[in-house]
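Take 19 as the starting number for the sequence shown in our numbering and just add one per residue. We put the CB at the ideal spot given by N, CA and C, even for glycine. The structure under discussion appears below in the form of structure tokens.
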Amino acid sequence: MRSFTDAQIRASFVNASRSELKNLTLPADFDARDFSPLDYLGWRDPKLPNVAYVVAEIDDEAVGILLRRADARPRSRAQCAWCADVQLPNDVVFFSTKRAGAAGRRGDTVGTLICENFECSQNVRRLPPSAYLGFDREAARDRRIEALRQSVDGFVRDVRGEG
19 MRSFTDAQIR ASFVNASRSE LKNLTLPADF DARDFSPLDY LGWRDPKLPN VAYVVAEIDD
79 EAVGILLRRA DARPRSRAQC AWCADVQLPN DVVFFSTKRA GAAGRRGDTV GTLICENFEC
139 SQNVRRLPPS AYLGFDREAA RDRRIEALRQ SVDGFVRDVR GEG
């Protein structure tokens with residue numbers, strides 16, 4: 019993912035009101051963050067514990083969505099719908115979001131299970147264990163990275179009403 023400025027991030031949100039954007043808090047390390055190992059930028063708002071933000075690069079533009087974390091946690095260990103990490107080093111929770119435009123104003127929402135602290139880019143870059151003699155671990159990692167990008171792209175497009 020290429021880097022974006024504060025202004026580009028704030029202008030990218032497709033499903034947030036002006037007041038929600040006014041209250042948006044960027045990650046503490048935003049100015050020093052390296053975007054190159056990220057497939058998307060995701061963070062939880064430190065002032066609003068149930069609010070999170072995801073910014074993805076779609077068609078060479080930043081597209082941001084505001085997410086709300088569900089109060090209830092899954093009863094059993096859930097798997098992230100984006101990175102599908104099977105080692106689950108972190109908690110996975112349900113996030114929902116309003117759709118963009120008129121659908122969102124009518125209350126139409128979409129949701130998914132995502133790593134609570136958005137570690138997906140790190141998860142898919144770990145080399146998987148060797149499944150069999152001659153297993154190409156690097157190719158498997160590359161497939162996981164591409165699958166993550168497609169999952170995030172599909173979700174963001176669905177929020178925008180393209181899916």
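For glycine 60, same chain residues with a beta-carbon under 6 Å away, outside a window of 5 residues either side, are Val72, Phe136 in chain order. Residue nearest to proline 45 within the set Glu38, Asn33, Leu56, Asp63 is Asp63 (criterion: CA-CA distance).
The residues Val142, in chain order, have a CB closer than 6 Å to that of isoleucine 163 in the same chain once the five nearest residues on each side in sequence are set aside.
In the three-state DSSP reduction, cysteine 133 falls in the strand class (E or B).
The criterion of a C-beta distance shorter than 9 Å is not satisfied by valine 110 and glutamate 79.
By DSSP's assignment, lysine 116 forms a beta bridge with Thr127.
Per DSSP, the beta bridge partners of isoleucine 76 are Glu79. Straight-line measurement puts the Cα of asparagine 108 at about 11 Å from the Cα of glutamine 140. Excluding five sequence positions before and after phenylalanine 22, the CB atoms of its chain that fall closer than 6 Å to its own CB belong to Ala80, given in chain order. Judged by pairs of C-beta atoms under 8 Å, the region 33-44 touches the region 113-127, as three or more such pairs exist.
Tyrosine 150 sits exposed, since fewer than 16 C-beta atoms from the chains shown fall within 10 Å of its C-beta. At a Cβ-Cβ threshold of 9 Å, aspartate 171 and cysteine 138 do not count as neighbours. Sixteen is the threshold: since fewer than 16 other Cβ atoms of the shown chains lie within 10 Å of the Cβ of leucine 145, the residue is exposed. When Asp154, Arg175, Gly179 are compared, the shortest CA-CA separation from alanine 74 is found for Arg175.
With 16 or more neighbouring CB atoms inside 10 Å of its own CB, glycine 82 falls in the buried class. A Cβ-Cβ contact shorter than 9 Å links leucine 131 with proline 92.
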